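For reference, each letter of the sequence shown is one residue, going 10 to 118 in this note's numbering. Even glycine gets a Cβ: it sits at the ideal position worked out from N, Cα and C. Nothing here was measured: the structure is a model prediction, and the numbers come from that model. Comments concern the structure below.
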Amino acid sequence: MNKRTIWISYDLGVRGDYESLYAWLDSHDAKECGDSVAVLAYEYQGSLVKMLKEELGRTITTDKRTRLYVIYREPSTKKMKGNFIFGGRRTPPWTGYSSRDSETVDDEI
């Protein structure tokens, strides 16, 4: 059995199964790390991501709005890594806020 510190970011949508997720986080003695982020020590065998997805898939009701992201240190490379367990990336709310100068050349018509 392996044990690894992981961070989980979650967004289950308005009608998501937060009660089941919170029960799972509580049973793993997770610590709160801000809005919708938790850290915990996770025991697993084989692939961390595969086992986590299977366990959470049995625990919470998911739908197309469910997004769960795990961050962990990859054992072989010792580098931080992140994976979506459920869902995927969306356009971030900060898109368009920076002022990026672009050279625009307007030619006479």
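query	result
Residue 29, DSSP secondary structure in three states	helix
Assumed close pair residue 10, residue 52 - CB separation to whole angstroms, cut-off 8 Å	5 Å
Rounded C-alpha distance that separates residue 34 from residue 62	14 Å
Given 8 Å, three or more beta-carbon pairs between the segment 100–111 and the segment 43–58	no
Proximity winner among 86, 69, 92 and 70, relative to residue 80 (alpha-carbon distances)	92
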